[in-house]
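2 protein chains.
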Amino acid sequence: MSHMGYPCFMALDRDHVLRSAAALLTRKSTATMDEVAKAAGISRATLHRHFAGRDALVRALEALGIAECEAALDRARPEQGSATDAVRRLVREIQPAAGLLAFLYGESQLWEGDRQNDGWQRLDSRIGALFQRGQQDGEFRIDLTPVWLTEALYGLTASCAWATLDGRVAARDFPTMVAELLLGGALRREES
Amino acid sequence: MSHMGYPCFMALDRDHVLRSAAALLTRKSTATMDEVAKAAGISRATLHRHFAGRDALVRALEALGIAECEAALDRARPEQGSATDAVRRLVREIQPAAGLLAFLYGESQLWEGDRQNDGWQRLDSRIGALFQRGQQDGEFRIDLTPVWLTEALYGLTASCAWATLDGRVAARDFPTMVAELLLGGALRREES
DNA sequence: CCCATGTGAGACATTCTTGTCTCATTATGG
DNA sequence: CCATAATGAGACAAGAATGTCTCACATGGG
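Heads up: the protein sequence lines correspond to chains C and P, in order. Going by this note's numbering, the first residue of the first sequence is number -19, and it counts up by one from there. Going by this note's numbering, the first residue of the second sequence is number -19, and it counts up by one from there.
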């Protein structure tokens, strides 16, 4: 069926391999290519036919993470309604990708190089715009910069993903823990 | 002066080496033993005379990080005054160790093994107790568990340390950014 | 049935890091 | 000045992970 240099149904397998690798590397970020292959139920040779090397695999995972974040952002409709509710929706939609995000967040390989994926900047811009809108609408305080709020969203997401893996936080509490801390902080609100 | 198998002033050098390694590994967590040695201004041979291997070096850095956190916790006097101010003091005192903390936070080697340093549990207990006190005093909300608040403190500290290294957050704003977000969140307070 | 394609298993060289060793040089104290 | 200790430089082997290759097997369509 395929008259080119690539296998017919590689695209389907490729996605499965990518998901398996994400699940494994989330738990053990130092996993070997051999372990990644085994986790996907394929041989190392086949894994290399999908991804030229470990670097290519990590880059593909980065692209997947960016895509999932952008999809989550789309589903969250960040321009709609109050910024507060938009953040809550965003955190809820981003939870399935939190593990992958946490892995990428700790993968220094992606940040040390001078050439980093533009997707992150696109994401930063969109999320930053959400926080900025909240500030302009008077919902969010203005002494915390949108850049920092964006960074905090990533950080809390990764932290909660790890805490969930360790069992220190229940998975079903993820959206509440992240969103409510990010929005309201630890302080008790005055009942007014 | 030394009649034993160890050099005379190694203790002094050792601390300097440890600090250099912390500073380097904070920026580049995959740095080689050779790079660590060069950063400390010593040869790889001497580095090995201080620390048996990379693992021992990381363990020593872990011990240093724990010690610095405990010292910061002591200086912050977490039992004194309002829990809110105690958290602010803690964040301020912990800033100098934030880079090291961020490195250790991402060093999976320390968490994957079944044997982890008791120091972290001691720290978790003390910080968790601070948040619990705040809850009992009615300062902090009770729908976020002390365990999660502790985790969030670590996560925000690491995130802000990285953001500071990248220049996305000014170092002088570190205490405000971390403490105010952790305490008050992004939402604007009602002026009452 | 035959052939092309995808796959698994394994061998192999390469590279990188580490750990260990020796030896010459330096400085340090008596 | 001398002896000891500490260091730096470099050689060396061991180990791990990677990238590449070959070959045998099976699987599916024509």
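Glycine is no exception: its CB is placed at the ideal position from the N, C-alpha and C atoms.
Might you give, ordered along the chain, the residues of its own chain that have their beta carbon closer than 8 Å to the beta carbon of residue 155 of chain P, omitting 5 neighbours on each side?
These residues qualify, in order along the chain: 68, 71, 72 and 75.
Which residues in chain C have a C-beta closer than 8 Å to the C-beta of residue 88 of chain P? List them in chain order.
The contacting residues are 8, 9, 10 and 86.
So for residue 120 of chain C, helix, strand or coil by DSSP?
DSSP places residue 120 of chain C in the strand class (E or B) of the three-state scheme.
Using DSSP's beta-bridge definition, name the partner residues of residue 167 of chain C.
DSSP output for residue 167 of chain C lists P:120 as bridge partner(s).
Compare the C-beta of residue 121 of chain P against all C-beta atoms of chain C and say whether one is closer than 8 Å.
At least one chain C Cβ lies under 8 Å of residue 121 of chain P.
Assigned secondary structure, residue 104 of chain C (DSSP; H/G/I helix, E/B strand, else coil):
Correct three-state label for residue 104 of chain C: helix.
Establish whether the CB of residue 139 of chain P and some CB of chain C are separated by less than 8 Å.
Yes, residue 139 of chain P lies at the interface with chain C (some Cβ there is under 8 Å from its Cβ).
Of all the CB atoms in chain P, is at least one closer than 8 Å to the CB of residue 136 of chain C?
Yes - at least one Cβ of chain P is within 8 Å of the one on residue 136 of chain C.
Grab me the residues of residue 163 of chain C's own chain with a C-beta within less than 7 Å of its C-beta, minus the 5 sequence neighbours each way, in chain order.
The residues 64 and 67, in chain order, have a CB closer than 7 Å to that of residue 163 of chain C in the same chain once the five nearest residues on each side in sequence are set aside.
Is the stretch 90 to 110 of chain P in contact with the stretch 124 to 134 of chain P, if contact means three or more CB pairs nearer than 8 Å?
Yes, the stretch 90 to 110 of chain P touches the stretch 124 to 134 of chain P.
Could you pull out every unbroken alpha helix (DSSP H) segment of at least 4 residues lying fully inside the stretch 1 to 48 of chain C, listed in chain order?
13 to 20 and 24 to 30, all fully within the stretch 1 to 48 of chain C.
At 7 Å on the CB atoms, spell out the chain C contacts of residue 157 of chain P, in chain order.
Taking a Cβ-Cβ threshold of 7 Å, the residues of chain C close to residue 157 of chain P are 124 and 128, in chain order.
Interface residues of chain C around residue 168 of chain P at Cβ under 7 Å?
Those are 118, 119, 120 and 121, listed as they occur along chain C.
Please list the partners that residue 71 of chain C has in chain P, where partner means a Cβ-to-Cβ separation under 9 Å.
Those do not exist, as residue 71 of chain C stays about 12 Å from chain P at its closest Cβ, beyond 9 Å.
Is the CB-CB distance between residue 45 of chain C and residue 4 of chain C below 8 Å?
Taking 8 Å as the cut-off, the beta carbon of residue 45 of chain C is found no closer than this to the beta carbon of residue 4 of chain C.
So is residue 64 of chain P in contact with chain C if we call contact Cβ pairs under 8 Å?
Chain C places a beta carbon closer than 8 Å to that of residue 64 of chain P, counting this residue as a contact.
Beta-carbon proximity list for residue 150 of chain C, same chain, < 8 Å, skipping 5 on both sides:
Excluding positions up to five away in sequence, the list reads 144.
Starting from the beta carbon of residue 16 of chain C, find every residue of chain P whose beta carbon is closer than 9 Å, and list them in chain order.
Per Cβ cutoff of 9 Å: no residues; residue 16 of chain C is ~15 Å from chain P at best.
Could you compute how far the alpha carbon of residue 93 of chain P sits from the alpha carbon of residue 1 of chain C?
A straight-line Cα-Cα distance of about 21 Å links residue 93 of chain P and residue 1 of chain C.
Is it buried or exposed for residue 42 of chain P, if we count other Cβ within 10 angstroms and need 16 for buried?
Residue 42 of chain P should be labelled buried.
Same chain, Cβ closer than 6 Å to residue 99 of chain P, neighbours up to 5 away in sequence not counted:
Here the set comprises 46.
Compare the beta carbon distance of residue 119 of chain C and residue 168 of chain P with 8 Å and say whether it is the shorter of the two.
Yes, they are a contact pair.
Can the beta-carbon of residue 89 of chain C be found closer than 8 Å to that of residue 38 of chain C?
Yes, they are a contact pair.
Alpha carbon of residue 52 of chain C to alpha carbon of residue 83 of chain C, nearest angstrom:
Each residue's Cα considered, the two are about 18 Å apart.
Residue 67 of chain C - containing alpha helix (DSSP H), residue span
From DSSP, the alpha helix (DSSP H) with residue 67 of chain C extends over 63 to 74.
Buried versus exposed, by CB contacts within 10 Å (16 or more), residue 114 of chain C:
By the neighbour-count rule (16 or more Cβ atoms within 10 Å), residue 114 of chain C is buried.
Comparing the C-beta of residue 114 of chain P with each C-beta of chain C, is any distance below 8 Å?
Interface with chain C (8 Å Cβ-Cβ cutoff): residue 114 of chain P is included.
Suppose contacts are defined by Cβ-Cβ distances below 8 Å. Is residue -2 of chain C in contact with residue 40 of chain C by that definition?
For residue -2 of chain C and residue 40 of chain C, yes; Cβs fall inside 8 Å.
For the alpha helix (DSSP H) containing residue 135 of chain C, name the first residue and the last one.
Looking at the DSSP string, the run of the alpha helix (DSSP H) that includes residue 135 of chain C is 126 to 145.
Residue span of the alpha helix (DSSP H) that contains residue 89 of chain P, given as start and end:
Unbroken alpha helix (DSSP H) run through residue 89 of chain P: 89 to 92.
Residue environment, residue 130 of chain C, which counts as buried when at least 16 other CB atoms sit within 10 Å:
Counting every other CB atom within 10 Å of its CB across the protein chains shown gives residue 130 of chain C a total of 16 or more, marking it as buried.
Step through the CB atoms of chain C and report whether any lies within less than 8 Å of the CB of residue 148 of chain P.
Output row for residue 148 of chain P: interface = yes.
Exposed or buried, which one is residue 141 of chain P when buried takes at least 16 other CB atoms within 10 Å?
Buried.
Beta-carbon of residue 111 of chain P versus every beta-carbon of chain C: anything under 8 Å?
It does: the Cβ of residue 111 of chain P has a partner Cβ on chain C nearer than 8 Å.
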